[in-house]
Amino acid sequence: MREAAQVLVDAVSVGGLYALTALGIGMIFGVMRLVNFAHADLITFAGYAILLFFAQSTALAVVGAALAAIVLALITERAAFRPLRGANPETLLVSSFAVSFFLEKTLIMVVGARPKGVDFLPGLARQVDVAGVRLQLLHLVTIAISLALLAGTTWLLRATRLGLEMRAAAENFQMAEALGVRANRVIAAAFAISGLLAAAVACMIVAQTGLVQPRMGLQLVVIAFVGTVIGGLGSLPGAAIGGFFVGVGSILLQALLPEALRPFREAFVFVAVALVLIVRPLGLFPSRSLRQRV
Amino acid sequence: MIGAVRECAARLAPLVLLVALVIVVACAATFAPIILQRRVTQALIMLVGVVGLYVFAGNSGVFSFGNVGFMAIAAYVSALLTMAPGQKSVFLPDLPKLLAEQHWPAPAGALAGGVSAAAIGALVGFPLMRLSGISASIATFSILVVVYVGLGNWTSITGGQNSLMGLPNYVGLWTATIWAAVSIAIAFAYQESRGGLLLRASREDEVAAKAAGVDIVRHRWIAFTLSAFLSGVSGVLLAHFLGTVRVETYYLDLTFLIIAMLVIGGAGSLTGAVVGALVISLLTEVLREAEVGFSIAGTHLAAPTGLGDSALALLMLIIILYRPKGIAGGREIGFPSRSAPVAGRNDVPPPNSFSNHELE
């Protein structure tokens with residue numbers, strides 16, 4: 146029973162991280178049909194910003210991470226993705242692949258490929274007693290932050306003008322533009338928000354693993370990406386839900402699979418993706434505008 | 504009669520010229536120092552891989568991120584079949600007896616590798632080929648990840664994350680050259696075949712092709728299987744060129760390199776695939792030299808390590824932004840059109856415009 150509660154909390158906290166990552170990816174996909182591989186590098190760069198500042202103060206590190214990811218997101222949008230607006234999704238996918246490799250290889254060129262230790266938020270590493278179950282404080286904090294950010298994003302999308310414009314753009318970009326939504330503003334805002342989400346994920350990942358390395362974002366994004374797809378490309382709640390379930394699923398698989406099959410859990414996750422796509426090529430909750438019309 | 508010969512020559516021009524190009528590169532390499540020869544060999548192996556990806560991605564217009572997975576499968580199949588049993592028992596003590604005893608000649612191993620890659624491609628391609636666009640790309644990406652995770656953890660058969668060493672080291676300049684020529688010939692024959700032309704039509708306009716009765720799923724499937732075979736062969740060649748096989752070799756970096764070569768060369772034509780592979784190999788080599796550095800008047804200048812990868816990614820991005828159809832621009836190479844139709848207005852277009860799909 147206790148063990149079950151621990152596994153569950155662990156699973157939910159990981160699910161939260163994936164949900165945030167998937168939401169960040171889904172946000173960009175929604176407004177410009179871009180599957181942004183470079184989201185991985187937003188997380189990585191934010192991680193290195195933490196490495197740079199954590200010795201001075203935690204607050205500075207968090208702000209630095211957020212700034213790094215947001216600025217980088219905006220730069221990639223302006224330099225690489227804006228000129229391609231309206232290109233077909235595969236071209237965009239390949240170009241984000243290129244952007245991601247460029248950023249990763251440049252980072253490796255500058256700081257080297259070796260992981261670096263970061264003692265970020267050591268206060269959160271201890272255990273706490275909740276109703277007789279010992280839980281890691283960090284997991285609880287991760288869940289809380291994920292919930293807060295998901296709620297914040299939902300509020301932004303539901304209750305503000307910008308959010309309304311973004312949802313309209315995700316639903317039907319051309320129509321939204323014709324009705325006076327300013328494309329540059331909405332897309333830039335989506336990139337900024339995805340940068341912010343990436344920075345939050347980076348903070349929690351760095352606190353959990355205690356190190357940064359040039360590929361830290363990649364693993365996360367590859368899995369979260371699956372969440373976005375399963376959830377339904379173009380649907381923001383779909384992305385968050387999909388990401389959450391993929392995260393929870395991979396931890397539960399880790400706990401429930403027989404020992405011999407555990408290393409293969411990622412393979413199971415990806416087989417599931419392929420199956421979902423075969424049955425529902427646009428994901429479980431696709432955005433309505435994604436259906437091709439002739 | 505002469506017209507027919509000319510027409511035939513014009514139609515075969517890309518095949519003849521590209522094979523000639525490969526042979527010229529290989530002949531030139533025989534005069535080069537041994538290290539450079541090895542680089543050329545590697546470039547030709549990459550060429551087989553790029554042509555393999557092109558057969559599917561170029562003709563169908565659907566990008567595949569999964570072909571490096573087929574390279575990995577074929578490399579392991581060939582390694583397991585051709586390694587000396589004594590070697591195998593060192594790295595893979597738990598290998599089933601049946602597999603441990605095999606000691607095939609190298610060419611049989613290469614074919615077996617390619618055929619198993621094609622078989623798996625046909626198997627997974629069967630359900631996946633009904634997908635289009637972004638869903639298809641993501642589904643093929645999941646092939647890559649599943650193969651990577653599967654091979655990387657199936658320790659009793661593949662040795663897991665460790666490398667298998669001591670593969671027969673038979674791939675030299677000429678083996679690579681022959682396979683490069685063969686792969687070009689296969690790709691060319693396919694794209695000029697009825698099925699290839701139908702698939703290319705579906706790339707230009709899926710809906711129109713479907714309306715005209717093209718069985719898109721079936722033709723994609725055939726191309727995917729063929730593409731898996733060629734990718735598999737290039738994976739085998741790479742493994743036997745390096746003498747080791749390691750699952751990490753066959754993952755994102757190689758995927759990126761091969762896609763970069765195809766995109767930079769131009770995914771729309773076989774010429775693009777070949778030219779992309781050669782140009783990027785050359786560029787990588789130049790950048791590698793720059794990283795080693797050179798001396799001018801006593802000062803040693805060297806570019807920072809890792810510049811090559813970074814520059815390659817940047818170049819790919821620039822090509823996508825400013826020349827989205829790649830170096831070749833979707834056209835095939837042809838003989839200089841000295842003899843080309845001065846023909847009347849009512850003439851049919853020259854046959855090689857079949858492969859020139861700027862018809863839109």
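Protein chains in written order, with the working numbering: chain Z, 146 to 439; chain F, 504 to 863.
Don't be surprised by glycine CBs; every beta carbon is placed ideally from N, CA and C.
Through-space distance from residue j to residue i, alpha-carbon basis
i: F/Val-553; j: F/Ser-563; result: 15 Å
i: F/Ala-622; j: F/Met-549; result: 22 Å
i: F/Ala-684; j: F/Tyr-754; result: 26 Å
i: F/Asn-859; j: F/Asp-708; result: Here the model assigns F/Asn-859 a pLDDT of 41, short of 50, so the residue's position is not dependable, and the following value carries that caveat. Roughly 15 Å separates the two Cα atoms.
i: Z/Ala-347; j: F/Asp-756; result: 23 Å
i: F/Arg-599; j: F/Gly-663; result: Per the sequence shown, residue 599 of chain F should be read as Pro rather than Arg. The alpha-carbon atoms of F/Pro-599 and F/Gly-663 are separated by roughly 15 Å.
i: F/Leu-556; j: F/Ile-761; result: 8 Å
i: Z/Val-207; j: Z/Ala-200; result: 12 Å
i: Z/Leu-283; j: Z/Leu-269; result: 5 Å
i: Z/Pro-382; j: Z/Ala-304; result: 15 Å
i: F/Arg-791; j: Z/Glu-249; result: 18 Å
i: F/Leu-521; j: F/Gly-769; result: 15 Å
i: Z/Val-154; j: Z/Leu-342; result: 21 Å
i: F/Ala-513; j: Z/Leu-309; result: 58 Å
i: Z/Arg-227; j: Z/Asp-274; result: 50 Å
i: F/Leu-647; j: F/His-803; result: 42 Å
i: F/Val-528; j: Z/Val-391; result: 49 Å
i: F/Ser-666; j: F/Thr-747; result: 6 Å
i: F/Ala-575; j: F/Val-650; result: 8 Å
i: F/His-722; j: F/Leu-626; result: 15 Å
i: F/Thr-544; j: F/Val-782; result: 14 Å
i: F/Gly-506; j: F/Pro-839; result: 16 Å
Alpha helix (DSSP H) segment containing residue i, residue limits
i: Z/Val-154; result: 147-177
i: F/Tyr-557; result: 537-563
i: F/Pro-827; result: Run containing F/Pro-827: none; DSSP gives neither H nor E here.
i: Z/Met-254; result: 234-256
i: F/Cys-702; result: The sequence shown places Leu at residue 702 of chain F, rather than the Cys named in the question. From DSSP, the alpha helix (DSSP H) with F/Leu-702 extends over 697-707.
i: F/Met-574; result: 570-585
i: Z/Ala-405; result: First-last for Z/Ala-405: undefined, no H or E at that position.
i: F/Pro-517; result: 505-533
i: F/Ser-592; result: 588-594
i: Z/Phe-198; result: 184-198
i: Z/Arg-410; result: 410-424
i: Z/Val-180; result: Unbroken run through Z/Val-180: none, as it is neither H nor E.
i: Z/Ala-206; result: 203-221
i: F/Leu-602; result: 600-603
Residue i, enclosing beta strand (DSSP E) - first and last residue
i: Z/Gln-272; result: 272-275
i: Z/Arg-279; result: 278-281
Member of the options whose CA lies at the smallest distance from the CA of residue i
i: F/Met-764; options: F/Leu-815, F/Met-586 and F/Ala-712; result: F/Leu-815
i: Z/Gly-376; options: Z/Ala-206, Z/Gly-161 and Z/Ala-167; result: Z/Ala-167
i: F/Tyr-673; options: F/Val-565, F/Asp-597, F/Thr-585 and F/Phe-732; result: F/Thr-585
i: Z/Ala-218; options: Z/Leu-196, Z/Leu-205 and Z/Phe-182; result: Z/Phe-182
i: F/Gly-590; options: F/Tyr-825, F/Phe-644, F/Thr-658 and F/Pro-671; result: Checking the displayed sequence, the identity of residue 590 of chain F turns out to be Gln instead of Gly. Minimum Cα distance to F/Gln-590 is reached at F/Pro-671.
i: F/Arg-749; options: F/Met-668, F/Ala-679 and F/Leu-701; result: F/Met-668
i: F/Ile-689; options: F/Ala-512, F/Val-558, F/Gly-829 and F/Pro-839; result: F/Val-558
i: F/Pro-608; options: F/Leu-583, F/Ser-592, F/Leu-595 and F/Met-632; result: F/Leu-583
i: F/Trp-682; options: F/Val-739, F/Leu-634, F/Ile-537 and F/Val-720; result: F/Val-739
i: Z/Phe-336; options: Z/Leu-402, Z/Ala-232 and Z/Leu-179; result: Z/Leu-179
i: Z/Val-157; options: Z/Ser-291, Z/His-184, Z/Leu-341 and Z/Phe-318; result: Z/Ser-291
i: Z/Val-357; options: Z/Glu-148, Z/Asp-186, Z/Arg-223 and Z/Ala-150; result: Z/Asp-186
i: Z/Phe-370; options: F/Phe-838, F/Ile-637 and F/Leu-785; result: F/Ile-637
i: Z/Ala-352; options: Z/Gln-281, Z/Leu-378 and Z/Leu-397; result: Z/Gln-281
i: F/Pro-807; options: Z/Tyr-163, Z/Gln-151 and Z/Thr-251; result: Z/Thr-251
i: Z/Gly-442; options: Z/Tyr-163, Z/Arg-327 and Z/Arg-147; result: In the structure displayed, chain Z extends from 146 to 439; residue 442 of chain Z sits before or after that span and is not available.
i: F/Phe-732; options: F/Gly-624, F/Ala-704 and F/Leu-631; result: F/Gly-624
i: F/Ile-821; options: Z/Val-331, Z/Val-239, Z/Phe-430 and Z/Thr-299; result: Z/Val-239
i: F/Leu-515; options: F/Thr-752, F/Gln-694, F/Ile-660 and F/Leu-601; result: F/Gln-694
i: Z/Ile-106; options: Z/Gly-372, Z/Gly-340 and Z/Ser-202; result: Because chain Z spans 146 through 439 in this model, residue 106 of chain Z falls outside it and cannot be assessed.
Residue i - partner residues in DSSP beta bridges
i: Z/Val-357; result: Z/Lys-261
Below-9 Å beta-carbon distance, residue i vs any chain B residue
i: F/Asp-812; result: No chain B is part of this structure, whose protein chains are labelled Z and F.
(request) Could I get the ranges of all uninterrupted beta strand (DSSP E) runs contained in the stretch 742-799 of chain F, with 3 residues as the minimum, in chain order? (result) 797-799
(request) Ignoring anything shorter than 3 residues or poking outside the stretch 292-340 of chain Z, list the beta strand (DSSP E) runs there in chain order. (result) Here no run is fully enclosed.
(message) As an exercise, report each continuous alpha helix (DSSP H) stretch of at least 4 residues that is fully enclosed by the stretch 632-680 of chain F, in chain order.
(response) Segments of the alpha helix (DSSP H) lying fully in the stretch 632-680 of chain F: 636-656 and 658-661.
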